[in-house]
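One structure below.
Number of protein chains: 2
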Amino acid sequence: MLEQLRKKFPMSDSQFAEFSGYLRKIEVPAKTILLKEGEVAKKIFFIEKGCVRVWFNNDGKDLTMQFFFEQETVASIESLKKGIPSLLTLETIEPCVIWYISKQDLDKMLPVLESTPELRNVFINNLFDRMFHYMNHFFSFLRDSPLKRYQALILEKPMVIQRIPQHYIASYLGVSSVHLSRIKSQLIREKR
Amino acid sequence: MLEQLRKKFPMSDSQFAEFSGYLRKIEVPAKTILLKEGEVAKKIFFIEKGCVRVWFNNDGKDLTMQFFFEQETVASIESLKKGIPSLLTLETIEPCVIWYISKQDLDKMLPVLESTPELRNVFINNLFDRMFHYMNHFFSFLRDSPLKRYQALILEKPMVIQRIPQHYIASYLGVSSVHLSRIKSQLIREKR
DNA sequence: TTGATTTGATAACAAATGTTATCGCAGTCC
DNA sequence: GGACTGCGATAACATTTGTTATCAAATCAA
Numbered sequence: 001m002l003e004q005l006r007k008k009f010p011m012s013d014s015q016f017a018e019f020s021g022y023l024r025k026i027e028v029p030a031k032t033i034l035l036k037e038g039e040v041a042k043k044i045f046f047i048e049k050g051c052v053r054v055w056f057n058n059d060g061k062d063l064t065m066q067f068f069f070e071q072e073t074v075a076s077i078e079s080l081k082k083g084i085p086s087l088l089t090l091e092t093i094e095p096c097v098i099w100y101i102s103k104q105d106l107d108k109m110l111p112v113l114e115s116t117p118e119l120r121n122v123f124i125n126n127l128f129d130r131m132f133h134y135m136n137h138f139f140s141f142l143r144d145s146p147l148k149r150y151q152a153l154i155l156e157k158p159m160v161i162q163r164i165p166q167h168y169i170a171s172y173l174g175v176s177s178v179h180l181s182r183i184k185s186q187l188i189r190e191k192r
Numbered sequence: 001m002l003e004q005l006r007k008k009f010p011m012s013d014s015q016f017a018e019f020s021g022y023l024r025k026i027e028v029p030a031k032t033i034l035l036k037e038g039e040v041a042k043k044i045f046f047i048e049k050g051c052v053r054v055w056f057n058n059d060g061k062d063l064t065m066q067f068f069f070e071q072e073t074v075a076s077i078e079s080l081k082k083g084i085p086s087l088l089t090l091e092t093i094e095p096c097v098i099w100y101i102s103k104q105d106l107d108k109m110l111p112v113l114e115s116t117p118e119l120r121n122v123f124i125n126n127l128f129d130r131m132f133h134y135m136n137h138f139f140s141f142l143r144d145s146p147l148k149r150y151q152a153l154i155l156e157k158p159m160v161i162q163r164i165p166q167h168y169i170a171s172y173l174g175v176s177s178v179h180l181s182r183i184k185s186q187l188i189r190e191k192r
């Protein structure tokens, strides 16, 4: 895991040593809440093993925003940045091995960010990518039927289909689990 | 307009003089296409007067992403940044007075961005805000009924209700124009 | 293994939303 | 003034999707 992070962040060895000194590793079972809706985010998580679901509650129904897998970084960015209560819950789906750094420690790295243009670019590019990701995900809601979104998911993120329980996938696609079942059986019928 | 931009960007007078030297002002009628889907974006626009609709085409139907009004900045960011064909069309809805700067000229300002931490922060914060904006807009699609989204629009962006033709509002809300009519008449009936 | 819980499929019905067609109104152009 | 056009309302009907209930299969814990 450390090597992965080392590759991701262009900084000197001593700077990375400081960074990795702040990292903590935890192993947690499935259904562990890493951050609860309403709490203020204080950590950024790096997933070594397992997967995490990001969701929020809407009158009892839960709506899934995103899934994260190995080597991905997950946090409630808005809560972390603004210090406001998180709209989102972060919850493990599988047993996970997760590294995290606290916001407090991360802030100690800010001078490094300020003084390293390359690192800054990595950071800014990540921001852009995340924004484009949300825009494109949003596009697909405007543009495509649930059936098309499901087919796209099969092609683009097969890991989601393989590892995530179906009712979470339904809530990620914005349909009821009953309707996702209909979509699947429709696909099966069409194949024949 | 220049004063507005001056306030927005923390840089020295001479730097701003360079920047404003790159700006061009145009006056265009309603329904002018500023950037067409499929073209590579080469400009960033600042709206002095009027409003602009950002939309994309999906089998003939057009889907509205966002509206921009006075003092706002509009561009196809993904196209501009990556140099790829734009997914979006930018089109005026009213007669407009618009300033723009070309990407080419803007790139000449990059050293200023690199060397001015304050300006960089403005830039990064804008990125964050835009991302949070898209996320929240997306949230509202998952969470709220079209009726609720329309009511929120009335409260939060009355300018849209007042100045934008209703079928564009419908496409922005993700419903057919017929259904938006239904929603409005439902609201009127409920008031009585 | 057994019992409990989770997950997924299906049916029947209800609600939401889209589609098509028609009408009327207001603005605009000649 | 008259014809045309764009916009919005409405009705009738079709389609999509949600809801509730039930059952079966899979998974998990004791």
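Protein sequences appear in the order of chains B and R. Counting along the first sequence from 1, when you hit position 75 you're at 75 in full-length UniProt numbering, and nothing is skipped either side. Counting along the second sequence from 1, when you hit position 69 you're at 69 in full-length UniProt numbering, and nothing is skipped either side. Glycine is no exception: its CB is placed at the ideal position from the N, C-alpha and C atoms. If you're wondering where the values come from, they're calculated on a predicted model, not measured in any experiment.
By a C-beta neighbour count over all protein chains shown, 10 Å radius and 16 as the cutoff for buried, is residue i buried or exposed?
i                         : result
valine 54 of chain R      : buried
alanine 30 of chain B     : exposed
leucine 110 of chain R    : exposed
serine 145 of chain B     : exposed
glycine 38 of chain R     : exposed
isoleucine 164 of chain B : buried
leucine 155 of chain B    : exposed
valine 74 of chain B      : buried
leucine 88 of chain B     : buried
Have a look at residue i and residue j and give me their C-alpha separation to the nearest angstrom.
i                            : j                            : result
glycine 83 of chain B        : lysine 103 of chain R        : 35 Å
arginine 149 of chain B      : tyrosine 134 of chain B      : 14 Å
glutamine 66 of chain R      : isoleucine 124 of chain R    : 21 Å
threonine 92 of chain B      : lysine 7 of chain R          : 45 Å
glutamate 48 of chain B      : methionine 159 of chain B    : 16 Å
asparagine 126 of chain R    : phenylalanine 128 of chain B : 11 Å
glutamine 166 of chain R     : leucine 90 of chain B        : 38 Å
isoleucine 26 of chain R     : leucine 106 of chain R       : 18 Å
threonine 64 of chain B      : serine 86 of chain B         : 14 Å
serine 143 of chain R        : aspartate 59 of chain B      : Reading the sequence as shown, one finds arginine at residue 143 of chain R and not serine. C-alpha separation (whole angstroms): 9 Å.
threonine 32 of chain R      : methionine 11 of chain R     : 33 Å
valine 175 of chain R        : phenylalanine 68 of chain B  : 31 Å
glutamate 190 of chain R     : lysine 157 of chain R        : 22 Å
serine 76 of chain R         : isoleucine 161 of chain R    : 24 Å
glutamine 186 of chain R     : leucine 173 of chain R       : 16 Å
phenylalanine 141 of chain R : asparagine 57 of chain R     : 19 Å
residue 254 of chain R       : phenylalanine 45 of chain R  : The structure shown does not extend to residue 254 of chain R, since chain R is modelled only from 1 to 192, so the question has no answer here.
Flag this pair as yes or no: are the beta carbons of residue i and residue j separated by less than 8 Å?
i                         : j                          : result
tryptophan 99 of chain R  : leucine 34 of chain R      : no
valine 97 of chain R      : phenylalanine 9 of chain R : no
leucine 80 of chain R     : alanine 41 of chain R      : yes
glutamate 94 of chain B   : cysteine 51 of chain B     : yes
leucine 2 of chain B      : serine 20 of chain B       : yes
glutamine 71 of chain R   : glutamine 151 of chain R   : no
isoleucine 169 of chain R : leucine 180 of chain R     : yes
methionine 131 of chain B : arginine 120 of chain R    : no
leucine 147 of chain B    : isoleucine 183 of chain B  : yes
Quick check on residue i - is its C-beta less than 8 Å from some C-beta in chain R?
i                         : result
arginine 53 of chain B    : no
methionine 131 of chain B : yes
glutamate 39 of chain B   : no
glutamate 78 of chain B   : yes
Is the shortest distance between the beta-carbon of residue i and the beta-carbons of chain B less than 8 Å?
i                            : result
tyrosine 134 of chain R      : yes
asparagine 121 of chain R    : no
phenylalanine 69 of chain R  : no
asparagine 126 of chain R    : no
lysine 81 of chain R         : yes
phenylalanine 138 of chain R : yes
Listed in chain order, which residues of the stretch 91 to 118 of chain R have Cβ atoms closer than 7 Å to some Cβ of chain B?
Hits within the stretch, in order: Glu114 and Pro117.
Name the residues in the stretch 140 to 170 of chain R whose C-beta lies less than 7 Å from a C-beta of chain B; which are they?
Against chain B - using a Cβ distance shorter than 7 Å - the residues of the stretch 140 to 170 of chain R are Phe141, Leu142 and Arg143.
Under 9 Å (Cβ pairs) to chain B, residues found in the stretch 171 to 189 of chain R:
Correct list: Ser171 and Gly174.
Along the stretch 57 to 68 of chain R, where does the CB come closer than 7 Å to a CB of chain B? Name the residues.
Along the stretch 57 to 68 of chain R, going in chain order, the ones with a CB nearer than 7 Å to a CB of chain B are Asn58 and Leu63.
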